[in-house]
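Q: From first to last, the protein sequence lines are chains X, R and S. Going left to right, the first sequence walks through residues 47 to 151 as our numbering numbers them. Going left to right, the second sequence walks through residues 96 to 636 as our numbering numbers them. Going left to right, the third sequence walks through residues 22 to 227 as our numbering numbers them. Every residue, glycine too, gets a C-beta built ideally from N, C-alpha and C. Since this is a predicted model, take the numbers as computed values, not measurements.
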Amino acid sequence: MDNKEKNAGQTAEHEHISSYAEHFGTWIALCVLTLMTVFISVFGADLGSLTVATAMLIATVKALAVALYFMHLKYEPKIYRAWIIVVMALFVFFLTMVIIDYITR
Amino acid sequence: MTATALPQPNFFQAKKGIASWIFTLDHKRIGLLYLFSIGTFFIVAAGLGVLMRLELLNPGRDLMDPQTYNQVFTLHGVIMIFLFIIPSIPAVFGNFALPLLLGTDDVAFPKLNLLSWWLYIIGAFFALGSLVYGEGGADTGWTFYAPYSVKTGTNVTPTVLAAFILGFSSILTGLNFIVTIHRLRTPGMGFNQMPLFVWSLYATAWIQLLATPIIGITLLMIVAERVFGIGLFDPSIGGDPILYQHLFWIYSHPAVYIMALPAMGIVSEIIPTFAQRTIFGYKAIAYSSMAIAFVGYFVWGHHMFTSGMSGPAGFIFSILTFFVAIPTAIKVFNWVATLYKGSINIQVPLLFALAFIFNFMIGGFTGLVLGSLAADVHVHDTYFVVGHFHYVMFGGAVFAFFGALHYWFPKIWGKMYHKATANVAFVLLFVGFNVTYFPMLILGLQGMPRRYYDYLPEFHGLNMVSTFGSWIMASGLIIMIVNLFISWKNGAKAPDNPWNGITLEWQTSSPPPLHNFDKMPELPEGGPYNYPDAISHQEKN
Amino acid sequence: MDHFVLPNSGHNFDAKSSKMGMWLFLYTELLLFGGLFLVYMLYRYANQDAFLLASFELNVWMGTINTLVLLTSSMTIAMSITALQKGNNKLAINLAWATIFAALVFLVIKYFEWGAKFDHGYFPGMDHYNELPHGERLYFYLYFFMTGLHGLHVIVGGIFIAVVIKRIKSGRVNKNRISLLENSGLYWHLVDLIWIYLFPLFYLIH
């Protein structure tokens with residue numbers, strides 16, 4: 047793919063360096079989201095059966111924040127994001143089929 | 096050869112001593128370590144197979160009691176699946192040939208590669224260690240279905256742990272290959288200039304990587320269930336044994352393609368070399384490997400049609416199963432089209448490749464019978480299934496393994512095997528194979544159930560035929576192995592490129608030097624199988 | 022011994038290979054836990070009320086504090102990478118130590134949580150556990166299995182980071198050769214990612 051680049055030796059010069067501020071901002075957002083999801087659950091913001099959905103939604107937003115910023119996924123080649131989508135899609139398919147089997151059994 | 100390059104010692108001569116082998120980081124040596132360890136287990140498990148056929152020669156008890164028979168078929172399955180066929184082609188020939196085919200000197204993570212082999216050996220010890228104490232080896236079949244695997248008194252725990260550890264080994268090999276293929280291709284080799292064996296290893300590696308963890312965690316659940324006495328698949332606490340089957344086959348169906356895809360890759364190497372002709376439909380073959388790997392994730396339910404899974408789920412899985420036939424058929428058509436008007440050089444590797452196509456077709460068509468929901472209910476758990484998967488695994492993957500062994504034998508050892516003897520061995524194997532397993536397909540349709548040490552007298556005739564076949568096959572196997580051993584020691588010296596192949600491994604000496612290439616390998620113009628003769632041949636027409 | 026070396030040698034250090042390998046490994050880890058999440062989802066679907074009742078036995082506040090601890094540790098290891106990239110070895114080491122400290126805090130809190138459950142006999146096989154209804158038994162089995170496996174990953178991640186600290190000190194991991202620290206960071210973030218899902222699934226059922 048990029049042999050020329052690799053042959054140049056060190057690859058460090060292409061590395062994106064995230065700032066401390068970016069990490070700190072991500073952390074603040076994650077903490078806020080955590081408190082929010084606890085608040086919704088414990089103090090019974092009345093969302094009925096939607097609480098599971100909101101909890102999972104918030105968890106997913108948090109997971110994305112960790113992956114994109116802490117894990118630098120945002121700055122990695124596209125293929126890393128494509129792979130992770132494939133992995134998640136496989137998991138969703140596994141889950142769907144097992145649930146379909148259970149519901150219709 | 097450039098004038099400056101001194102002849103380097105080959106990888107056998109580079110270092111001596113047992114430690115230089117078992118702690119080697121050289122991919123070629125690791126490949127050979129796998130070859131000898133895997134080969135040993137294959138011989139053991141093949142022996143067990145012959146014993147089972149011997150027990151089934153006559154109805155009633157001949158040789159072993161029912162419990163022993165259960166343990167023997169479990170051990171046969173566990174060794175053949177986890178210790179032989181899943182690692183076989185990727186670990187042996189993937190390791191040996193992948194860096195050579197890519198024009199590099201090793202895999203991306205040589206130490207991880209060595210760790211994979213050690214994990215393999217540790218796993219093997221666990222698998223065989225279960226035999227020697229307590230109630231003896233597991234009697235669950237290689238599938239470890241809950242709840243029986245949790246209740247039986249035999250040593251299921253070490254066997255399951257063995258499968259877990261071997262899975263880890265498989266994951267690391269896959270991981271290593273993916274990174275190697277992405278990062279270490281020779282300059283100028285894009286994905287579409289890779290040999291097709293590399294493509295098939297790439298597809299296989301993704302299955303190893305993404306399917307194996309599911310069975311890893313499932314087997315850990317079984318271990319926990321045995322340790323605590325209660326567990327997640329235990330109906331007495333509301334658990335669901337069918338869920339175990341789901342989780343098991345989410346891995347184990349894709350695992351079928353871990354076995355089949357590299358075999359297809361081998362065939363895709365052998366056929367253009369011996370037809371001296373550009374492969375027909377390079378991209379179709381390459382992408383169909385990826386398609387098989389991908390579709391393979393969606394069809395596991397066809398192993399569970401009679402398990403109590405729901406009708407609608409069975410219906411969906413049955414439809415999805417038929418999609419696998421499409422990329423498989425694409426490959427077969429392209430192989431046959433490659434042979435058409437080729438200048439065919441009939442050698443043992445090509446014979447094995449052709450036998451692969453023949454056997455795999457029978458395995459594939461019987462697979463369609465089993466994939467169809469309605470038909471499967473009748474032949475499920477009969478000898479039809481046994482016949483089917485032996486056609487795919489043995490007739491397919493193992494024949495390709497033997498083909499690869501003969502194809503790269505001169506490259507590995509720099510010697511040529513005795514061709515006439517190899518031909519005899521091939522004929523015995525091919526005939527013996529079909530005589531052994533074809534009767535099983537008929538017996539299954541007649542209703543003979545699998546996994547019993549006994550059968551009704553009406554099945555006697557065909558069972559005798561099948562057992563005779565196993566003797567023919569065993570003699571072929573012995574002749575082949577002895578021939579290869581003698582040729583390894585005393586064979587005639589082979590040239591660097593005995594088959595006139597143009598993939599990169601043929602550009603280095605045989606055996607290759609420790610660092611594979613003494614000069615920069617040259618990519619063939621216009622694709623990995625672009626035979627110069629073939630081009631002029633086409634132009635003439 | 023002199024010999025010809027290919028430009029694409031597998032024996033060259035290659036930061037990109039190293040990172041790619043780690044990501045591939047993380048995918049397998051995701052699916053390893055994925056198998057457990059799959060079991061959890063199915064059993065929760067089948068035993069909704071029992072899972073709700075059982076979840077009241079967990080201490081939400083301990084869970085919340087542990088979540089915040091892990092998130093903080095994720096930040097410190099990410100900042101440690103930034104520090105090393107900028108050549109500030111000392112700060113990088115201190116931030117990595119902070120991560121290990123957070124891992125220990127997490128494990129101590131977990132120890133008290135598990136301890137309380139043991140005291141009340143909720144561990145699979147204990148007397149009280151055996152009297153629980155089916156769904157609650159599945160819940161506690163999954164709780165111990167999943168948080169236990171996660172805890173194991175916390176320990177492994179901590180050891181991994183400790184090894185990296187040693188190598189930063191000896192200079193084997195440095196500004197130009199940062200892969201090992203990055204990989205330990207990626208592994209640590211994965212531990213955090215798993216917890217991000219475990220937390221609402223076990224503590225916040227409502």
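Is the Cβ of residue 392 of chain R closer than 8 Å to any Cβ of chain X?
A: Chain X, which has a Cβ nearer than 8 Å to the Cβ of residue 392 of chain R, makes this yes.
Q: In the DSSP assignment, the alpha helix (DSSP H) including residue 530 of chain R goes from what residue to what residue?
A: First-last of the alpha helix (DSSP H) with residue 530 of chain R: 514-541.
Q: Tell me residue 608 of chain R's beta-bridge partners as DSSP assigns them.
A: According to DSSP, which records beta bridges pairwise, residue 608 of chain R is partnered with R/105.
Q: Is it buried or exposed, residue 136 of chain R, if we count other Cβ atoms within 10 angstroms and call 16 or more buried?
A: When all chains shown are included, residue 136 of chain R counts as buried.
Q: So, is the C-beta of residue 174 of chain R closer than 8 Å to a C-beta in chain X?
A: It does not; no Cβ of chain X falls within 8 Å.
Q: Please report whether the beta-carbon of residue 143 of chain X lies at a distance below 8 Å from any beta-carbon of chain R.
A: Yes - at least one Cβ of chain R is within 8 Å of the one on residue 143 of chain X.
Q: Report the residue from S/58, S/89 and S/140 whose alpha carbon sits nearest the alpha carbon of residue 81 of chain X.
A: When only C-alpha atoms are compared, the closest one is S/89.
Q: Measuring CA to CA, which of R/246, R/140, R/327 and R/126 is closest to residue 188 of chain R?
A: Residue 188 of chain R has its Cα closest to that of R/126, out of R/246, R/140, R/327 and R/126.
Q: Measure the Cβ-Cβ separation of residue 258 of chain R and residue 177 of chain R and say whether it is below 8 Å.
A: Yes, they are a contact pair.
Q: Taking all protein chains shown into account, do 16 or more other C-beta atoms lie within 10 angstroms of the C-beta of residue 287 of chain R, making it buried, or fewer, making it exposed?
A: Exposed: under 16 other Cβ atoms inside 10 Å.
Q: Just to confirm before moving on: does the CB-CB distance between residue 338 of chain R and residue 138 of chain X stay below 8 Å?
A: Result no, Cβ atoms of residue 338 of chain R and residue 138 of chain X do not sit closer than 8 Å.
Q: In angstroms with no decimal places, state the Cα-to-Cα distance between residue 377 of chain R and residue 597 of chain R.
A: Looking at the two C-alpha atoms, the distance is approximately 15 Å.
Q: Counting pairs of beta carbons, one from the region 509-529 of chain R and one from the region 461-479 of chain R, are three or more of them closer than 8 Å?
A: Counting Cβ pairs under 8 Å, fewer than three are found: no touch.
Q: Would you identify the three-state DSSP class for residue 544 of chain R, choosing helix, strand or coil?
A: If DSSP states are grouped into helix, strand and coil, residue 544 of chain R belongs with the strands.
Q: For the region 66-94 of chain S, list every residue whose C-beta sits within 8 Å of some C-beta in chain X, in sequence order.
A: The region 66-94 of chain S vs chain X, Cβ under 8 Å: 66, 67, 81, 85, 88, 89, 92 and 93.
Q: List, in order along the chain, the chain X residues whose C-beta lies closer than 7 Å to that of residue 91 of chain R?
A: Lying before the first or after the last residue shown, residue 91 of chain R is absent from chain R, which here runs from 96 to 636.
Q: Take residue 274 of chain R and list the residues in its own chain whose beta-carbon comes closer than 6 Å to its own, dropping the five residues that flank it on each side.
A: Closer than 6 Å at Cβ, skipping near neighbours: 203.
Q: Could you tell me the boundaries of the alpha helix (DSSP H) in which residue 637 of chain R lies?
A: What the structure shows of chain R is the stretch from 96 to 636, and residue 637 of chain R is not part of that stretch, so it cannot be assessed.
Q: If you drop the 5 nearest sequence neighbours on each side, which residues of the same chain put their C-beta closer than 8 Å to that of residue 243 of chain R?
A: Contacts found: 235.
Q: Where residue 316 of chain R and residue 357 of chain R are concerned, what is the direct C-alpha to C-alpha distance, given to the nearest angstrom?
A: Roughly 30 Å between the two C-alpha positions.
Q: Using 8 Å for Cβ pairs, my map puts residue 503 of chain R next to residue 606 of chain R. What's the rounded Cβ distance?
A: Residue 503 of chain R to residue 606 of chain R, Cβ: 11 Å. No contact.
Q: Does the structure place the region 423-443 of chain R close enough to the region 378-395 of chain R that three or more beta carbon pairs sit under 8 Å?
A: Yes: the two stretches touch, three or more of their Cβ pairs being nearer than 8 Å.
Q: Contact defined as beta carbons within less than 8 Å: I believe residue 328 of chain R pairs with residue 335 of chain R. What is the distance between those atoms, to the nearest angstrom?
A: Rounded, the Cβ-Cβ distance is 7 Å, consistent with contact.
Q: Leaving out five residues on either side along the sequence, give the residues of the same chain with a beta carbon under 6 Å from the beta carbon of residue 163 of chain S.
A: Within the same chain, residue 163 of chain S has close Cβ partners 61.
Q: Is DSSP giving residue 250 of chain R helix, strand or coil here?
A: In this structure, residue 250 of chain R counts as strand in the three-state DSSP scheme.
Q: For residue 588 of chain R, which beta-bridge partners are listed by DSSP?
A: In the DSSP output, where bridge partners are listed per residue, residue 588 of chain R has R/510.
Q: Looking at chain R, is there any beta carbon in it that lies within less than 8 Å of the beta carbon of residue 138 of chain S?
A: Chain R, which has no Cβ nearer than 8 Å to the Cβ of residue 138 of chain S, makes this no.
Q: For residue 341 of chain R, return the contacting residues in chain X, with the cut-off set at a CB-CB distance below 9 Å.
A: Per Cβ cutoff of 9 Å: 140, 143, 144 and 147.
Q: Applying a beta-carbon distance threshold of less than 9 Å, which residues of chain X neighbour residue 387 of chain R?
A: Chain X residues near residue 387 of chain R: none, gap ~15 Å exceeds 9 Å.
Q: Are any of the Cβ atoms in chain X nearer than 8 Å to that of residue 396 of chain R?
A: It does: the Cβ of residue 396 of chain R has a partner Cβ on chain X nearer than 8 Å.
Q: Using only alpha-carbon positions, find the residue among R/610, R/531 and R/478 that is nearest to residue 539 of chain R.
A: Residue 539 of chain R has its Cα closest to that of R/478, out of R/610, R/531 and R/478.
Q: Comparing C-alpha positions only, which one of R/252, R/211, R/239 and R/132 sits nearest to residue 221 of chain R?
A: Selected option, being the one with the closest Cα: R/252.
Q: Just tell me which of S/159, S/166, S/147 and S/194 has its CA closest to the CA of residue 318 of chain R.
A: If we check each option's Cα against that of residue 318 of chain R, S/166 comes out closest.
Q: Mapping DSSP to helix, strand and coil, what is residue 65 of chain S?
A: If DSSP states are grouped into helix, strand and coil, residue 65 of chain S belongs with the helices.
Q: Have a look at R/490, R/624, R/614 and R/150 and flag the residue whose alpha-carbon is nearest the alpha-carbon of residue 433 of chain R.
A: Checking every option, the nearest Cα to that of residue 433 of chain R belongs to R/624.
Q: Starting from the C-beta of residue 571 of chain R, find all residues in its chain whose C-beta is less than 7 Å away, skip the five residues before and the five after it, and write them out in chain order.
A: Contacts found: 520, 523, 524 and 527.
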